[in-house]
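Student: Just so you know, we're using my numbering here: the sequence shown kicks off at 490 and counts up by one.
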Amino acid sequence: MHEAAGEALRRRGVRVEDVVRVACDIARERRPQVTFAECRTHLEKVLEKREVLYAILTGVVLDELAEAGTLPEPLQEAIASDLPLYGIDEILATSITNIYGAVSLTRFGYLDKKKPGVVGDLNRHRNGRVHTFMDDLVAALVAATLARMEHSAQKGAGRLTKPEVTADAQEGLPPAASG
490 MHEAAGEALR RRGVRVEDVV RVACDIARER RPQVTFAECR THLEKVLEKR EVLYAILTGV
550 VLDELAEAGT LPEPLQEAIA SDLPLYGIDE ILATSITNIY GAVSLTRFGY LDKKKPGVVG
610 DLNRHRNGRV HTFMDDLVAA LVAATLARME HSAQKGAGRL TKPEVTADAQ EGLPPAASG
């Protein structure tokens with residue numbers, strides 16, 4: 490499935506390097522020492538998730554069907570025109586961001602509004618191409634990569650610890666279920 494998703498991205502003109510570049514540019518705003526290799530490693534980990542691969546494959550197929558004019562109406566018009574009130578493209582993309590929590594979702598919102606790099610290129614739908622899903626999926630990949638990097642950087646720092654429960658605090662509580 491990983492190969493199929495990679496091929497689907499390439500068919501839509503998306504190169505992994507372009508996604509990594511956007512992620513690195515944004516990551517370096519907070520951590521200037523971040524390397525391209527580090528960003529790429531985190532993106533590759535994001536691309537190992539089955540949910541991510543299915544989202545990519547689904548979005549690519551819908552964009553390709555709309556581009557070919559083979560979707561039934563009113564979906565054909567909604568997807569081919571990237572109607573602002575359609576919104577399912579963002580919903581599919583957030584299935585990726587949800588894996589990495591609120592940090593990823595927040596980053597996605599920023600990327601969807603600013604449309605840096607390849608995200609903006611896809612959003613312009615050049616040469617009759619339909620990228621209604623692809624621009625949002627790429628933004629979600631960048632957002633998930635950034636969130637994964639932030640989670641990794643914070644690993645161990647400020648980690649929550651399990652509070653100690655004293656015998657006095659346990660009085661009056663029902664016994665814990667066993668098994």
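Just so you know, even glycine gets a beta-carbon here, dropped at the ideal spot from N, CA and C.
#1: Name the two residues that bound the continuous alpha helix (DSSP H) containing F597.
#2: Classify H491 as helix, strand or coil using the three-state DSSP reduction.
#3: Is it right to say S570 is buried, meaning 16 or more other beta carbons lie within 10 angstroms of its own, or is it exposed?
#4: Are the region 592 to 604 and the region 627 to 639 in contact at 8 Å, needing three or more beta carbon pairs?
#5: In this structure, does DSSP put D571 in helix, strand or coil?
#6: Output needed for R500: all residues of its chain with C-beta closer than 8 Å, excluding positions within five of it in sequence on either side, in chain order.
#7: Quick one: give me the first and last residue of the alpha helix (DSSP H) that L626 is part of.
#8: Quick one: using the 10 Å Cβ neighbour count with 16 as the cut-off for buried, is H531 buried or exposed?
#9: Count the CB pairs spanning the region 564 to 584 and the region 521 to 528 that are closer than 8 Å, and state whether there are at least three.
#10: Would you say A636 and Y575 are within 7 Å of each other, going by their C-beta atoms?
#11: Mark S641 as exposed unless 16 or more other C-beta atoms lie within 10 angstroms of its C-beta, in which case mark it buried.
#12: With distances taken Cα to Cα, identify the nearest neighbour of H491 among L564, I545, T586.
#13: Output needed for D703: all residues of its chain with C-beta closer than 6 Å, excluding positions within five of it in sequence on either side, in chain order.
#14: For L626 and N616, I'd like the C-alpha separation in whole angstroms.
Tutor: Short version:
#1: 590 to 603
#2: helix
#3: exposed
#4: yes
#5: coil
#6: V549, E553
#7: 623 to 643
#8: buried
#9: no
#10: no
#11: exposed
#12: I545
#13: Only positions 490 to 668 of the chain appear in the structure, and residue 703 is not among them; the question remains open.
#14: 20 Å
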